[in-house]
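Have a look at the structure below, then the notes.
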Amino acid sequence: MTVSPTTADRAAARPRARAWIPLALRALLLGTLLTFLIAPTIFEPILKPLVQDNAPAIYNQGSLFTLTLLHLRIVAIATTAAILVAVTLAILVTRPFGAEFLALSRSLVNVGQTFPPVAVLALSVPALGFGEKPTLVALFLYGLLPIFENTLTALTTLPPAVMEAARGAGMTDRQRLFRVELPLAAPVILAGIRLSITVSLATATIGSTVAARTLGEVIIAGLQSNNLAFILQGGLIVGALAVLIYDGLSALEARLRRRAGL
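So for the sequence shown, the working numbering puts the first residue at 25; every next one is plus one.
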């Protein structure tokens with residue numbers, strides 16, 4: 025005897041059937057990005073109408089794949105440093121012995137948001153010279169605030185019942201921090217890291233104005249030669265990286281929330 029699916033069964037199946045669509049779109053974006061970075065000449069017919077006669081449609085002053093790796097490297101180094109400093113600072117000011125330094129800490133991490141990255145670069149070049157170092161300083165300062173504020177919020181809004189249970193179980197302060205507080209706070213901290221990385225991916229392009237090797241080279245070359253195809257290539261690669269990394273970290277954040285029971 026055949027049993028036909030009920031209306032409720034069909035309604036529940038529709039969201040599951042549509043769940044693969046976002047994943048397929050991300051896979052398509054990743055595949056397109058990798059194809060363009062490895063074999064950009066395939067896309068030359070698409071970009072050719074955007075350039076003047078005899079002008080190159082594909083960036084030809086360096087490897088797009090290499091520039092992308094260097095761009096990601098700068099962002100990764102700066103973000104890692106920002107995570108170490110911001111999370112450590114947030115932990116310290118949420119301990120009884122460091123609570124009095126909260127206002128000072130907030131002022132320090134706000135410095136990066138107060139000064140535009142271009143100003144930080146201009147101030148850093150005389151001391152550090154041209155190249156990657158001024159860009160790392162600018163990205164580091166710019167990435168502190170979202171990570172610090174999210175970590176601070178996460179550590180100060182933990183469920184009181186859970187904290188009391190940890191104390192009742194005889195855990196030391198160190199054990200509570202690493203076994204209870206940070207695991208519960210991880211999703212919110214990761215949200216701050218996600219925001220910091222997304223902002224840094226876009227901001228890193230200005231590093232090319234002080235001779236750092238980033239995708240900003242492609243955009244600057246396009247502006248100097250009035251080549252719209254170059255500008256579009258640099259912008260789209262950065263945009264695709266931001267979308268993919270943002271989605272990947274969002275998926276990791278959702279997994280951490282489920283694991284923490286949030």
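Even glycine gets a Cβ: it sits at the ideal position worked out from N, Cα and C. Since this is a predicted model, take the numbers as computed values, not measurements.
Item	Value
Relative to the C-alpha of A210, which residue among A146, R281, L160 is closest?	R281
Closest by CA to I213, which one among G246, L108, T59, L53?	L108
Mind checking E68: buried by the 16 CB within 10 Å criterion, or exposed?	exposed
Where does P73 land, buried or exposed, given buried means 16+ other C-beta within 10 angstroms?	exposed
Under 8 angstroms between the Cβ atoms of S172 and A110?	Reading off the sequence, residue 172 comes out as Phe, not Ser. In contact: F172 and A110 (Cβ atoms closer than 8 angstroms).
Evaluate contact between the segment 244-264 and the segment 80-88, counting only Cβ atoms and requiring at least three cross-stretch pairs below 8 angstroms.	yes
Could you give the residue range of the alpha helix (DSSP H) that holds V223?	206-227
Where do the N-terminal and C-terminal ends of the alpha helix (DSSP H) with A100 fall, by residue?	88-117
Buried or exposed: where does E188 fall if 16 or more other Cβ atoms within 10 Å of its Cβ makes it buried?	exposed
Is I82 helix, strand or coil by DSSP?	coil
Where does the unbroken alpha helix (DSSP H) through D77 begin, and where does it stop?	Careful: D77 lies outside any alpha helix (DSSP H) and carries neither H nor E.
Quick check: the segment 162-176 against the segment 128-138, are at least 3 beta-carbon pairs closer than 8 angstroms?	yes
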